[in-house]
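All residue numbers for the sequence shown refer to my numbering, where the first residue is 157 and numbers rise by one. Idealized CB from N, CA, C, for every residue including glycine. A quick write-up on the structure given underneath.
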Amino acid sequence: MALDRSEAISWYRRNRARSRALFDMLPEPVYFSRPISLRHPIVFYEGHLPAFSFNTLVKKALGQPGIDARLETLFARGIDPHESQAGGQHATWPTRETVRQFADEADARVIDALTREDLERPDDPLLDRGEAVFSILEHEAMHQETLLYMWHRLPFDAKRRPSTYTPRVEGDVPDEERIAIPAGRAVLGVDRSAVPFGWDNEFPACAADVPAFSIDRHNVTNARFAEFVAAGGYADARWWRPEDWRWLQSERVEHPLFWEQSDRGWFWRGMFELVPLPMAWPVYVSHAEAAAYARWRGGRLPTEAEYQRAAFGMEEGASRYPWGEATPGDEHGVFDFSSWDPEPAGSHPAGASVWGVEDLAGNGWEWTSTEFAPFPGFRAMASYPEYSADFFDGDHFVMKGASPATARELLRPTFRNWFRPRYPYVYATFRCVR
Ligand SMILES: [Fe+2]
């Protein structure tokens, strides 16, 4: 049995409570706004989460009747920034009250299905090893991260700050240090039968021989990145791919989106306040900016296989987490919503990998130079066939690891994230290899 029914119900409730708390941070007028222009307005997401769960598990997998055909369709889809350009063009969105009534009914039907239906059916691709159940649970957890980086763009007075929260800014900038990783094999994918659940892009088992390389012990900090900015890195075409250089010109990009300049110097736009640029924090940048810095610094971004090798070590008994088998905890890194902002690089040495590389899971996703593509033998999953396949277009790059807003359930070696190279909103950092 891959699926524990009571654990699934409690995970679903945990997810719903966290989503509700995130939406409750926002006062009414903000609810219909679009903090990121390429994405849907906020109202869409409060309907989308229960709609996806209901549509996928109750309607599609279990064949039960719907609740409200119009709302189920309206809230059905919305994951990629590029394709959702038309998403906000609906003339009218339902009221918040209507959305929440629909959500309550969808939740009740999902919980009922989780409680009493046959959820594991080996002869049904939708329910083989409980696929639809895990899909809805991980889908909501992943969306919570996208909600947070949308909330990040809202004005500070448009979201309620938890009374006890203060960003952790104090910390010394770690020295630049490189760790040599010997040649060896890296695990990339896994067999479907070997794990309770994975998304289709994690299958099947796949490994790569990786030549020896050296990798930064720490993420590139704001301190290091400031050297690139001060050296005129954003004004020198040599460091940028042509398409990225054109983006700098057309959008007038001169520094990371998370940085803001005033007559008192550089500040970091945190979730709830501007803070004087915390030099020890990992810089958050787009793939384009990360790759330009690496080129300027005489290095490059790691491949996905190099990240895997640095994080999970040997192919024989590759570890479950960078730090080994221990259940993820606060000492291992900044993830699972433990903070609304990053923390100083290198402040979680207990999370170092077998080679001593730190923060590989947590404190910001890690950009790789690998284009998002299927492993040989890929098959789109039944419960969510467009999840990966729609993005094998050569214009998305793989990110690995986790950010402060990544649920702990997503910390597994083969989990892959991907974004377009000039999408600057995500909690993504990087390190260099040579
Ligand atoms: Fe979605």
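- Taken through DSSP and simplified to helix, strand or coil, Y540 comes out as coil.
- If you look at R272, you'll find it in the alpha helix (DSSP H) that goes R252 to R272.
- Taking 7 Å as the cut-off, the C-beta of F208 counts as close to a heavy atom of ligand 1.
- Checking the 7 Å criterion, the Cβ of H411 is out of range of every heavy atom belonging to ligand 1.
- H196 has its Cβ no nearer than 7 Å to any heavy atom of ligand 1.
- The alpha-carbon separation between S494 and W479 amounts to approximately 18 Å.
- For the 8 Å CB-CB criterion, P330 and A158 do not form a contact.
- For V409 against Y390, the beta-carbon gap comes to about 7 Å, under 8 Å, which counts as contact.
- Remark: C-beta atoms of R285 and E294 do not approach each other more closely than 8 Å.
- Within its own chain, the residues whose Cβ lies closer than 8 Å to the Cβ of L182, once the five positions on either side in sequence are excluded, are I198, W307, L310, A314, K315 and R316, listed in chain order.
- Taken through DSSP and simplified to helix, strand or coil, Q405 comes out as helix.
- Every beta strand (DSSP E) of 3 residues or more that sits fully in the segment 275-340 is shown, in chain order, as 334-337.
- A straight-line Cα-Cα distance of about 6 Å links I165 and L270.
- Taking a 10 Å sphere around the C-beta of Q417, we find fewer than 16 other C-beta atoms and assign the residue as exposed.
- Following the DSSP letters along the chain, one finds I371 inside the beta strand (DSSP E) bounded by residues F369 to D372.
- By the criterion of a C-beta distance shorter than 6 Å, A444 is surrounded in its chain by D400, P577 and R578, once the five residues flanking it on both sides are discounted.
- With distances taken between CA atoms, F258 lies nearest to R226 out of R272, R226 and P278.
- The Cβ neighbour count for A288, taken over all protein chains shown within 10 Å, is at least 16; the residue is labelled buried.
- For R425, the uninterrupted beta strand (DSSP E) segment begins and ends at G421 to R425.
- By the neighbour-count criterion, in which a residue is buried when 16 or more other Cβ atoms sit within 10 angstroms of its Cβ, P318 is exposed.
- It is roughly 40 Å from the alpha-carbon of R348 to the alpha-carbon of W403.
- Buried is the label assigned to T526, since at least 16 other Cβ atoms lie within 10 Å of its Cβ.
- Non-local beta-carbon contacts of E332 in its own chain, meaning distances under 8 Å to residues more than five positions away in sequence, involve D372, H374 and R380 in chain order.
- With contacts defined by Cβ atoms closer than 8 Å, P278 and A538 do not form a contacting pair.
- Across the set A173, F359 and G388, the C-alpha of G388 shows the shortest separation from the C-alpha of W452.
- Look at H374: its beta carbon is at least 7 Å from all of the heavy atoms in ligand 1.
- With 16 or more other CB atoms across the displayed protein chains lying within 10 angstroms of its CB, E301 is buried.
- Judged by pairs of C-beta atoms under 8 Å, the segment 423-442 touches the segment 511-527, as three or more such pairs exist.
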